Amino acid sequence: MLRRLLDMFRGKPVLVGGAQKLEEGLAKVVEIGDVMAGGTQVVLCRVEGKVYALDAQCPHDGGRIIGGPLVDGKYAVCPLHNYHFDPRSGVAVRGACPKAKTYAASERDGSIELRV
Ligand code: FES
């Protein structure tokens, strides 16, 4: 009951396959819907065994958070000004700017369920 109620406020669920391919300390960019028609790019990150999701839109100055190895195994990077973001909270840990947008993410049967 509580889960259903919380889900109503988290957005609709989207399943992304291949959860096991997202290795520890890596980030991968996926597109949810048609980006040219209102979809979004999400950066999936695995930190300490859990999957987290950041919006690829950098909150600093129009750059994009990218996929690839996470800095120190836990921070996603926007290469435009080299700011680092903690995927667990969206907080910028290197650079002064607002938090990156995060999405709820969980693993289920080999897929990643996102609430976007
Ligand atoms: S635009 Fe991303 S760090 Fe500046």
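Counting from 102, one number per residue, gives the positions in the sequence shown under my numbering.
All C-beta atoms, glycine included, are put in the ideal place defined by N, C-alpha and C.
For clarity, every value in this text was computed on a predicted model and none was experimentally measured.
Measure the CB-CB distance between residue i and residue j and report whether it falls below 8 Å.
i: Val-117; j: Leu-155; result: no
i: Lys-175; j: Val-148; result: yes
i: Ile-166; j: Val-217; result: no
i: Val-115; j: Leu-215; result: yes
i: Gly-196; j: His-161; result: yes
Please name the residue in the options whose C-alpha comes closest to that of residue i.
i: Ala-201; options: Val-136, Asp-135, Gly-163; result: Gly-163
i: Cys-159; options: Leu-181, Lys-151, Gly-169, Glu-208; result: Leu-181
i: Gly-126; options: Pro-170, Glu-208, Cys-179; result: Pro-170
i: Lys-113; options: Glu-124, Gly-140, Asp-210, Pro-199; result: Gly-140
Can you give me the start and stop residues for the beta strand (DSSP E) that residue i sits inside?
i: Pro-199; result: Looking at the DSSP string, Pro-199 is not in any beta strand (DSSP E), and its letter there is neither H nor E.
i: Cys-159; result: Premise fails: Cys-159 is in no beta strand (DSSP E) and is neither H nor E.
Within 5 Å of the ligand FES: residues by beta-carbon to any heavy atom = Cys-159, His-161, Asp-162, Gly-164, Cys-179, Leu-181, His-182, Tyr-184
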